[in-house]
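Number of protein chains: 2
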Amino acid sequence: MNTLDAIFKPKSIAIIGATTRKGSIGREIIHNLFSFEFNGMIFPVNPRYEYIHSTKAYPTVLSIPDPVDLAVIVVPKEHVLMAAEDCGRKGVKGMVIISAGFKEVGGEGEEREEQLIEIAKKYGIRMVGPNCMGVIAATPDVTMNATFSPSTPRRGNLAFMTQSGALGVAIILAAHKLNLGFSYFASVGNKADVSAVDLLEYWENDEHTGVIGLYLESFDDPTRFTELSKRISKHKPIVAVKSGTSAAGARAASSHTGSLAGLEVAADAVLRQCGVIRVGSIGDLINMVAGFGRSPLPKGDRVGILTNAGGPAIMAADAIESHGLNIAELSTETRERLEAILPPEASVHNPVDMISGAASKEYAEALEIMLSDPGVDLAIPIFVPPLMIEPLGVVRQITAIARQYEKPVLAVLMAEEKYYDMIPREIENAVPYYRFPESAAMVAAALVRHKIWSEKPAGKVQTFDVDRETAVAVLEKKHKSGGGYLSPDDVYTVLRAYGFPLCRHAVVSLGQDIKEAAEKVGYPLVLKIDGESIVHKSDIGGVEVGIEDEEDLCEARQRIEANVSSAGMFQQATGYFVQEMARPGREIILGVMQDPKFGPLLMFGMGGKYFQTLACEHACHAGKDASAQTIFHSGQKFNRLSLFPIGSPDGGCSCSEMMETAESLRRFDRIAMG
Amino acid sequence: MNTLDAIFKPKSIAIIGATTRKGSIGREIIHNLFSFEFNGMIFPVNPRYEYIHSTKAYPTVLSIPDPVDLAVIVVPKEHVLMAAEDCGRKGVKGMVIISAGFKEVGGEGEEREEQLIEIAKKYGIRMVGPNCMGVIAATPDVTMNATFSPSTPRRGNLAFMTQSGALGVAIILAAHKLNLGFSYFASVGNKADVSAVDLLEYWENDEHTGVIGLYLESFDDPTRFTELSKRISKHKPIVAVKSGTSAAGARAASSHTGSLAGLEVAADAVLRQCGVIRVGSIGDLINMVAGFGRSPLPKGDRVGILTNAGGPAIMAADAIESHGLNIAELSTETRERLEAILPPEASVHNPVDMISGAASKEYAEALEIMLSDPGVDLAIPIFVPPLMIEPLGVVRQITAIARQYEKPVLAVLMAEEKYYDMIPREIENAVPYYRFPESAAMVAAALVRHKIWSEKPAGKVQTFDVDRETAVAVLEKKHKSGGGYLSPDDVYTVLRAYGFPLCRHAVVSLGQDIKEAAEKVGYPLVLKIDGESIVHKSDIGGVEVGIEDEEDLCEARQRIEANVSSAGMFQQATGYFVQEMARPGREIILGVMQDPKFGPLLMFGMGGKYFQTLACEHACHAGKDASAQTIFHSGQKFNRLSLFPIGSPDGGCSCSEMMETAESLRRFDRIAMG
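Taken in sequence, the protein lines are chains A and B. Numbering-wise (this note's numbering), the first sequence opens with residue 759 and increments by one. Numbering-wise (this note's numbering), the second sequence opens with residue 759 and increments by one.
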């Protein structure tokens, strides 16, 4: 038995702080439990009442004669600890703490939360909250609405976790309208005990849960989240809204790699590489979950569009193409079969326009023909109800045909409001339906991407032999002496310790003989100004390349000296850096960091002077979705700028996604440090 | 008097083809006219009835004793021409042809449409349709619903034009829910006469129209559309969905510039430069129009967020930042004033979280304080109704306070469905409200961008002295000889004719002495293989740069010969192209084309080998919105890849937007052709 069963599968529930005043949380929760017909016993607890909601009330949980599995606590914050202590003594195994006034208010609230955690630990009680809106179970085994949501949830296969109670309410409301049902729902509040990862684990093999939805503000335990979600999403889709990544704090990080990783792009990379379907809004979340919860995954990306009106079909085709999917080419046989059943004015090329006379019979026949074409992987039937044709019949027929094929069918229904209320009541398990073609196209694209991801092999983990001690020694020494930029020599030492092939080089202080060093390195070579505070050397004319001989070298040195002096930086110079001239090649950037919010990350992309500005550009101008997907180009091949979360946080390269990077690096002969 | 007044301001309407059968178009239109209480006389025309809708019916329009301004024709297609002829003889000045079976079905339908146009011209009748869903006027002067829409439109300040009847229905339905009212509505169908540009012109100075909405599938007259929309959008916002740009046809164009211009990016460029607010979906259109129709434009981009729940505020802040707007920093005074009225647990930093106890009083006071802060340009109050707090009161207070300030207030209401129906009935002129924070943020961003655009000076038109005759002669000669790529000499002639500064150069055929040409051009120089069919020279090693002397030249020539031979292309070579070595600089690409769908376009961006692949990349991977905004980088400064529509299609540079480009070009000393 899972310890979370005490929360989600209780046989009896005590509502500590139940009341009778309509509109108060203590009344709405007990009312919701009764009206959703909890399949167990409900015990109101409140010393001021004899009975509540026609049910005998008890002064404390200890005075209840029967066993209590779950306690829902809605008393004022001052009484919560006492109530929890009572629960422990009573042998209660789960608590949902609705009451606010804990960590979220700081100060003594934080202390109170610590004490609450202590009590829960002492008695081995699992706890949701505090400061949450409650939990729901709506499986064949358990019907429990222990929330104060004003709208009644439907039963379905979505398990949903939210870090925001308010958004939880909004989601239950929006889900209702789109015929979206829940298996479980949990508002986790301050997450003093139960968090997103616990719930992911709990729902992983739950037979009633087909799709998992998350509203995340933070990854509490990025390593465990990554591990779990990667495993689960291979067989059960996870759709998430991740918010809060734009906070001013994230932008404060100042180094190049730091500022990138702190941004949106890191959250995107983590979620994408774990197969989590990320969406940008609650509306998209609902649309996505409706699609993933009620559709098989498509075998390919060829979309068939069926419509009774031109405009919406064009918009669907535009959206399909803009998401990178293909408009299916229908076979001759399919077109002939369509011709046989449709009026001559109809278009039997995809998008198939049946014109406005098409009713449920035509939708059924044409959809059947379309889905039986092996060149169609997914269908979007669009219906704009003309006068005289009843929308419910059309949706019913589309649903009936869709059930016969293992292909996703995402309907677009642009109808009067009342039909959106009627469908859930009248048609059992209707296909997912959307108000606008763009929503269906967005979901179609996500289904295709998820199919590709779900079939992607997990990859092999490779560990490289590296000399960590040498690298650590260099870094620690620098750290002890106050930090700052590493000298070129130190950088080369670190890189060499990690097995990177390097260019020949020498560092020459200002007074030293540069020619001798040059002879040792060998011509042709590169001369760079050196100085800890001179970071962007080429910007101030501090770099000369292609130096062929001693004469060149003298001239180059003079030019650099003149340039750096006229930039007012020569006083900061400590010497020159002489480097073997690298053969023409690809400049790349590679960065590794330990991000407090996302765990270990690796960055790889097009480097050199392009990097910095492109990356900033990127961060400033790109929208959320674009940021992690933009592809940089260098020469003939593409390098995707990626952030890879690294599997094990204690060092070493042990994550399969890094293999591609590592392989790319191996193609380079030498590394010329910038 | 405008000729379109016959359509939108008739004193009497004949419904030719009116019937009594519920659900038929002929009945629904007359029913809608009566129930929307048309302020004029309605004459049903149908020889089979004595009366229709309790009103005397006439056998033909000619038998009506009174004058008829507008005829709505719903008879079967075979009878339309006769009905139109009757209208002409009767002196009718406007027709709305609902009937289908014209150009859209091809063949004899096309012929029928030609004849219809002839009749309209002969009698000077303005005509909407055929194959449309009708027109609406809902101003203080005219109340006319001559459509068969199942839902009754509200009165408001949105004038809407749609090329798709089905989407017109969907828009009226969706608008209803968001409290969005119309001044005019026109479904233009086949646009045999009245098109988008006619309507833009008609609505430009209409006092009842505050915002114009368009669903476009094509620009019928790009030059006039550009001119008009540019002028109108300076004082009246135009929001448009432009669809159909992804059609396979657009992709067929093969040359670099051609393929780019045929794409999405061209539609985006045209609309953006005309100040038209482009959206990607009907849902966004409705959201945008609600915002633009009921808000002033903001003075800046600093957004204040007010909430009673953390989650939605975080999502709003994320979205605000991802659109490039700023989260306003509240003044000390503002924060102190907020502290004075809010509970200690509230956060008085932006986003201001009033926590869940906030009711209409707190919303009113806090919003007033926020809007009075000169550092706040625009406010997004978010309300997730907790138990016990009535949403209508909150929206009413927000509306009352918003009216006192010339700042946009975009509310987010995450409430039960019933409230969305109640607000339009209960609160007059409520502030725009949205279901999710992301929608409000999107509209906020559009308002800010539109403000910036509306204040952008129109720019000066500059004409350059060019030698068109010489250029035309070169092109015509090439054209007559079968087309293909121009030779380097021809290209230089054309460029010189347009006044571009050029590098010294010489063309040497295979047998000729290359050294002599090199001496003439002068060292250092560049040697390139030449041949009409060798387009991507550097890809096959056909370019050598930095040739310092004769010895270098010989070696370079040998290397090129070897490279091109091993690429199997040497047989296609006709000679060498010797060019002065250009100083290091910026490579740009410049293209001009006459696009059949968008008119004259100019493309400008980062050139060289980067261009081609980036541009393809761009076209393939970028989403709709991103495509025209991606900024390419070269060196230290940014070059925006832009498509500029050129004002006058008959040549010459006469568009103000080109000035920036022209100025950029002047910064280059020489042009080295790639």
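Yeah, the Cβ is synthetic: ideal placement off N, Cα and C, and Gly gets one too. Computed from a predicted model, the values in this text were never measured in an experiment.
Enclosing beta strand (DSSP E) for residue i [first to last residue]
i       : result
K757/B  : Residue 757/B lies beyond the range of chain B shown here (759 to 1432); nothing can be said about it.
H1263/A : H1263 to S1267
I800/B  : M799 to V803
T920/A  : R912 to T920
Beta-carbon neighbours of residue i, restricted to chain A and to distances below 9 angstroms
i       : result
M1046/B : Under the 9 angstroms cutoff, chain A gives no residues; its nearest Cβ is about 14 angstroms from M1046/B.
Boundaries of the alpha helix (DSSP H) in which residue i is found, first to last residue
i       : result
N1321/B : E1308 to S1324
L828/B  : Counting along the chain, L828/B falls outside any alpha helix (DSSP H), though it belongs to the beta strand (DSSP E) covering L828 to I831.
A894/A  : Here residue 894/A turns out to be Ile, not Ala, going by the sequence shown. From DSSP, I894/A is part of no alpha helix (DSSP H) but of the beta strand (DSSP E) over G892 to A896.
G852/A  : From DSSP, G852/A is part of no alpha helix (DSSP H) but of the beta strand (DSSP E) over G852 to I855.
A842/B  : V838 to K848
L1171/B : Note, L1171/B: premise wrong, no alpha helix (DSSP H); beta strand (DSSP E) at A1169 to L1171.
M1180/B : E1175 to E1184
Contacts that residue i makes with chain B (C-beta to C-beta distance below 8 angstroms)
i       : result
Q921/A  : G1069
Y973/A  : G1069
E1087/A : Within chain B, no residue comes near E1087/A; the closest Cβ sits about 10 angstroms away, beyond 8 angstroms.
Spatially closest choice to residue i from the options, by CA coordinates
i       : options                              : result
Y1035/A : G971/A, P1102/A, R1093/A and L1136/A : The amino acid occupying residue 1035/A in the given sequence is Ile; Tyr does not appear at that position. The option with the nearest alpha carbon to I1035/A is G971/A.
K848/B  : V833/B, V854/B, V838/B and Y881/B    : Y881/B
M1327/A : R1341/A, I1292/A and C1312/A         : I1292/A
R1315/A : I1287/A, I1298/A and S1324/A         : I1287/A
I783/A  : L1145/B, Y1243/B, D1247/B and T777/B : L1145/B
Q1337/B : L1260/B, I771/B and D1271/B          : L1260/B
Q1031/B : D1131/B, E843/B, N804/B and I990/B   : I990/B
E1213/A : R1341/A, G1300/A, T1157/A and K994/A : K994/A
Bridge partners - residue i, DSSP secondary structure assignment
i       : result
R1036/B : A998/B
E1302/A : L1285/A
E1338/B : L1283/B
M1327/A : Beta-bridge pairing links M1327/A to no other residue.
K814/A  : Y809/A
Y960/B  : The partner list for Y960/B (beta bridge, DSSP) is empty, contrary to what the question assumes.
L972/B  : M919/B and A998/B
Residue i: contacting residues in chain A (beta-carbon distance under 8 angstroms)
i       : result
A944/B  : Near A944/B there are no residues of chain A at all, since even the closest Cβ is about 14 angstroms away, more than 8 angstroms.
L1145/B : G781, S782, I783, E786, F906 and P908
A1320/B : Those within 8 angstroms of A1320/B in chain A number zero; the least Cβ separation is about 18 angstroms.
K935/B  : E1175
Residue i (DSSP reduced to helix, strand or coil)
i       : result
S1212/B : helix
S945/B  : strand
E965/A  : coil
G1393/A : Because the pLDDT at G1393/A is just 26, under 50, the model does not fix this residue reliably, and the value given afterwards should be weighed accordingly. Three-state DSSP puts G1393/A in coil, outside helix and strand.
G1069/B : helix
G1409/B : Note that G1409/B scores a pLDDT of 29, beneath 50, so its modelled location is shaky; the value from the coordinates is reported in the next line. Residue state, collapsed to three classes: coil.
D824/B  : coil
A1116/A : coil
Q1387/B : Only weak support is given to the placement of Q1387/B: the predicted model assigns it a pLDDT of 24, under 50, and the value that follows is read from those uncertain coordinates. Coil at Q1387/B, not helix or strand.
G1257/B : coil
L925/A  : helix
P1139/A : strand
N903/A  : strand
Proximity test, residue i beta-carbon vs the ligand NAD heavy atom, cut-off 7 angstroms
i       : result
D1111/A : Ligands in the displayed structure: none, and consequently the ligand NAD is not present.
Within chain A, the residues that residue i reaches when beta carbons sit closer than 7 angstroms
i       : result
E1174/B : P908, S909 and L931
L925/B  : G1069 and P1070
I1040/B : F1194
Closer than 8 angstroms to chain D by CB, residue i
i       : result
D1225/B : Note that chain D does not occur in the displayed structure, where the protein chains are A and B.
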